[in-house]
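Student:
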Amino acid sequence: MPDPRAYSSDAFNRLPFRDQLDALYGVSARERRDLILAAPNAQRLVRSFAAESLFHTLKEVGLEDGVDLLALASGEQVCALVDLDCWKKDRLETDGLLDWLEAILEGGDRAAGEFLHSVDRDLLVLLLKRFVRVHRRDDPEEPDEDLEGSEVFELDEHYQIVFHRWDARSPLVRQLLEALHERDYSYFVTVMEEIWWGVESDLEEASFRLRNARLQDRGFPDYYEAQQIYRPLAVRDLPERSEPLGRASPQSPEALPADRTLVLPEAGASLLSQVLNTGFCGAEAGELRHELAYLVNRVLVADGVDFADRERVAEKIRVAHDTVNLALESLSRVDVPAAVRVLERRYVQHLFRVAWGILLGLRRRAKQAVERLGIAAAAAEVAFLDTPYREALAGFVRARPEYYAGIDRPGEIRYRPFMSLADLERAERLLADVDSLDDLCGRLLGQSPAQLARLRPRDADDFRISATLLTGFAHLALGRPASVEPLAAKDLAELREATLDPATGRLRTELRRRLAALAPGHAGFVDFALHRFEEEFLAIAPDRPLDPRFVTCLMIRSAKRGRESVAGEPAR
0 MPDPRAYSSD
10 AFNRLPFRDQ
20 LDALYGVSAR
30 ERRDLILAAP
40 NAQRLVRSFA
50 AESLFHTLKE
60 VGLEDGVDLL
70 ALASGEQVCA
80 LVDLDCWKKD
90 RLETDGLLDW
100 LEAILEGGDR
110 AAGEFLHSVD
120 RDLLVLLLKR
130 FVRVHRRDDP
140 EEPDEDLEGS
150 EVFELDEHYQ
160 IVFHRWDARS
170 PLVRQLLEAL
180 HERDYSYFVT
190 VMEEIWWGVE
200 SDLEEASFRL
210 RNARLQDRGF
220 PDYYEAQQIY
230 RPLAVRDLPE
240 RSEPLGRASP
250 QSPEALPADR
260 TLVLPEAGAS
270 LLSQVLNTGF
280 CGAEAGELRH
290 ELAYLVNRVL
300 VADGVDFADR
310 ERVAEKIRVA
320 HDTVNLALES
330 LSRVDVPAAV
340 RVLERRYVQH
350 LFRVAWGILL
360 GLRRRAKQAV
370 ERLGIAAAAA
380 EVAFLDTPYR
390 EALAGFVRAR
400 PEYYAGIDRP
410 GEIRYRPFMS
420 LADLERAERL
430 LADVDSLDDL
440 CGRLLGQSPA
450 QLARLRPRDA
460 DDFRISATLL
470 TGFAHLALGR
480 PASVEPLAAK
490 DLAELREATL
500 DPATGRLRTE
510 LRRRLAALAP
520 GHAGFVDFAL
530 HRFEEEFLAI
540 APDRPLDPRF
550 VTCLMIRSAK
560 RGRESVAGEP
570 AR
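Using numbering that gives the first Met the number 0, you'd call the opening residue of the sequence shown number 0 and step up by one each time.
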């Protein structure tokens, strides 16, 4: 694909048309606008864009700076822009429509004519009716005398037009009426009559139905149909393509305009990006992009995203891309040739549903893992688990499971969509660690995690399950039976001497092996807990005193307000 940043306007203009479109894809909206407006075939370029691409380009540069671009659009494109931006559920947003109308009229007579020729009449009448009423001079039921005032005007001898709403935007409406009268008088008469007798609620309902039909033609399903994208699909039920990739019928319900629509640029590190960029070309590549665009449209509708909210739209584009990538990596085991074969045989939206099924399975296992600990996933006891286990579980059990970035990037506190097979494998290992806790606690301490959780004081935010296990381990290292009995402060120096390997500054190997032997098959959480012990206890310099207040990885008895209490246990 040509790199648009390498082209001046002259170099861009020398490219073949298809290469020009490729060069425009993925650049910033302002670069795209400037390259188009400097091209001799600017109108052809603009009209080759899907409305969605044009919409987000104009939104990014702003309508005031996008007038010249909008003036080159077809009437069909302009109406699609209105469909995307001017409705809030089933209600027309007049102010939003007037914003577009202002830019259209500023674009000149041709742009206004394109709009009037293409806009559906119910929508036009609805807009006008919200500003004006019509007085028919030849109607016997109308008053004989003419109306007068600054808010009354007439364009012929048959109708007086009265503004019942006059504000800063009203001159736009008058300008639109004048353009309509000048361009097509018979249509003007029809519109006047419908303003006179039309019912606003009926007009809005009819306009909304037509708008939904147009969106469905563009690959935006209705809300209830869009929800089907979140129906999980098992790998064993994954159907094959009905026709070879690249040979889809243009009458297919998933067929979209031949343009890169709401899909991320294909330059990226994900397997899906690599395969799209290197594994396909021509009709095959185009069909895959169309399928991705159709998938994004379904996700946007299903999640109720406002198409004008660029941040939310970008977020959902990323979610769709990452979810398909997760399925692709799972089915191909991150092998590029195998991934190419998967896309050749399977529909993109089915891959999304496969990944969704995988994530729902993960959520189910996460809930079961927490329940096996004897606590509820939404209960405060989950705070007894260590970071990143508790945060990760909170993400896994969400209605739409999310990945906690701190799993593989300690200190990063945010959730994001699952992106890859590596994410899934890390999540599975974490769940295996949580699953091991019941057996691990029972073997080492003779208690369940739920029993240990009750040792946690309400105000001990840094008290975690690893502290109970490490306390039991500390007793073993000191030659005692494993116990959750808090250590005395005077035990700390002896514990450091018993556990620290002076040669490495780490835990003695024989002690690590001893604990592993007590809990066979549970290396994951054991390693996590021992790493915490090394970082928080053994890492303290030998010449520094061991202050129990700052040793949170162990349960330590300390004096508090003249009576005995336990770090990690309420005073009795």
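Note that beta-carbon positions come from the ideal geometry of N, C-alpha and C, so glycine has one too.
(1) Are the beta-carbon atoms of Leu384 and Ala365 separated by less than 8 Å?
(2) Would you mind listing the alpha helix (DSSP H) stretches within the stretch 464-521 that are 4+ residues and don't spill past its ends, in chain order?
(3) If you draw a straight line from the alpha carbon of Leu499 to that of Arg507, how long is it in whole angstroms?
(4) Just grab the DSSP bridge partners of Lys87 for me.
(5) Quickly, what does DSSP pair Arg415 with across the bridge? List them, please.
(6) For Cys440, count neighbouring C-beta atoms within 10 Å of its own C-beta (all shown protein chains included) and say buried if the count is 16 or more, exposed if not.
(7) Round the Cβ separation of Leu358 and Phe417 to the nearest angstrom and send it over; I've been treating them as touching at under 8 Å.
(8) Below 8 Å on the Cβ atoms is my contact criterion, and I expect Arg442 with Ala515 to pass it. Report the Cβ-Cβ distance as a whole number of Å.
(9) Alpha carbon to alpha carbon, how far is Glu51 from Arg31? Give it in angstroms, no decimals.
(10) Are the Cβ atoms of Gly65 and Leu57 separated by less than 8 Å?
(11) Note down the Cα distance separating Arg362 from Thr277, rounded to an integer number of angstroms.
(12) Would the beta-carbon of Gly281 fall within 8 Å of that of Gly245?
(13) Can you tell me whether DSSP reads Tyr346 as helix, strand or coil?
(14) When the Cα of Ala225 is compared with those of Glu286, Asn296, Gly106, which residue comes out closest?
(15) What does the Cβ neighbour count give for Arg543, buried or exposed, with the cut at 16 atoms within 10 Å?
(16) Please determine if the stretch 190-199 and the stretch 93-100 are in contact, where contact requires at least 3 C-beta pairs separated by less than 8 Å.
(17) Which two residues bound the contiguous beta strand (DSSP E) that contains Ile160?
(18) Flag Pro231 as yes when its Cβ comes closer than 7 Å to any non-hydrogen atom of the ligand NAD, and as no otherwise.
(19) Taking C-alpha atoms, which residue in Asp490, Gln348, Asp302 lies nearest to Ile555?
(20) Determine which residues share a DSSP beta bridge with Val151 and list them.
(21) Pairing CB atoms from the stretch 337-346 with CB atoms from the stretch 405-423, are three or more of them under 8 Å?
(22) Taking the Cβ atom as the reference point for each residue, do Leu486 and Ala502 lie within a distance shorter than 8 Å?
(23) Tell me, which residues are paired with Val131 by DSSP?
(24) Residues in the same chain with beta-carbon distance under 7 Å from Ala337, minus the five sequence neighbours each way, listed in chain order, please.
(25) How many whole angstroms separate the CB atoms of Phe114 and Val161, which I take to be in contact at a CB cut-off of 8 Å?
(26) Is the distance from the Cβ of Thr386 to the Cβ of Gly405 below 8 Å?
(27) How is the alpha helix (DSSP H) around Asp137 delimited, first residue to last?
(28) Between the Cα of Leu125 and those of Ala79, Leu96, Leu104, spot the shortest distance and give me the residue it belongs to.
(29) For Phe536 and Val550, I'd like the C-alpha separation in whole angstroms.
(30) Label Pro547 either buried or exposed according to how many other C-beta atoms from any shown protein chain fall within 10 Å of its C-beta, with 16 as the threshold for buried.
(31) May I ask which residues mark the beginning and end of the alpha helix (DSSP H) holding Ile539?
(32) If you draw a straight line from the C-alpha of Asp321 to the C-alpha of Ala22, how long is it?
(33) In the DSSP assignment, find the unbroken alpha helix (DSSP H) run with Tyr186 in it and report its ends.
Tutor: Answer, in terms of the structure:
(1) For Leu384 and Ala365, no; Cβs fall outside 8 Å.
(2) If we require 4 residues or more, the alpha helix (DSSP H) runs fully inside the stretch 464-521 come out as 464-476, 490-498, 508-517.
(3) Each residue's alpha carbon lies about 6 Å from the other.
(4) Answer is Arg90, bridged to Lys87.
(5) Paired residue(s): Tyr402.
(6) Burial call: buried.
(7) About 6 Å; that satisfies the 8 Å criterion.
(8) Not quite, the Cβ-Cβ distance comes to about 12 Å (not below 8 Å), so this is no contact.
(9) Approximately 14 Å, taken between the alpha carbons.
(10) Yes; because the gap between Cβ atoms is below 8 Å, this pair is in contact.
(11) Between Arg362 and Thr277, the C-alpha separation is close to 34 Å.
(12) Yes, they are a contact pair.
(13) Coil at Tyr346, not helix or strand.
(14) Selected option, being the one with the closest Cα: Asn296.
(15) It counts as exposed.
(16) Judged by Cβ distances under 8 Å, the stretch 190-199 makes no contact with the stretch 93-100, as fewer than three pairs qualify.
(17) Per DSSP, Ile160 belongs to the beta strand (DSSP E) from 158-162.
(18) What this structure holds is no ligand at all, so the ligand NAD is not there to describe.
(19) The shortest C-alpha separation from Ile555 is found at Asp490.
(20) Under DSSP, Val151 takes part in a beta bridge, and its partners are Val161.
(21) Segments in contact, no.
(22) With contacts defined as CB atoms closer than 8 Å, Leu486 and Ala502 fail to qualify as a contacting pair.
(23) Bridge partners of Val131: Phe162.
(24) Within the same chain, and ignoring the five residues on either side of Ala337 in sequence, the residues whose Cβ sits closer than 7 Å to its Cβ are Ser331.
(25) A Cβ-Cβ separation of about 24 Å leaves Phe114 out of contact with Val161 under the 8 Å criterion.
(26) In this structure, Gly405 lies closer than 8 Å to Thr386 by Cβ.
(27) Unbroken run through Asp137: none, as it is neither H nor E.
(28) When C-alpha distances from Leu125 are compared across Ala79, Leu96, Leu104, the shortest belongs to Leu96.
(29) Annotation: Phe536 to Val550 spans about 7 Å, alpha carbon to alpha carbon.
(30) Buried, because 16 or more other Cβ atoms sit within 10 Å of the Cβ of Pro547.
(31) Counting along the chain, Ile539 falls outside any alpha helix (DSSP H), and DSSP gives it neither H nor E.
(32) Per the coordinates, the alpha-carbon of Asp321 lies some 24 Å from the alpha-carbon of Ala22.
(33) 184-196 is the span of the alpha helix (DSSP H), which, as asked, contains Tyr186.
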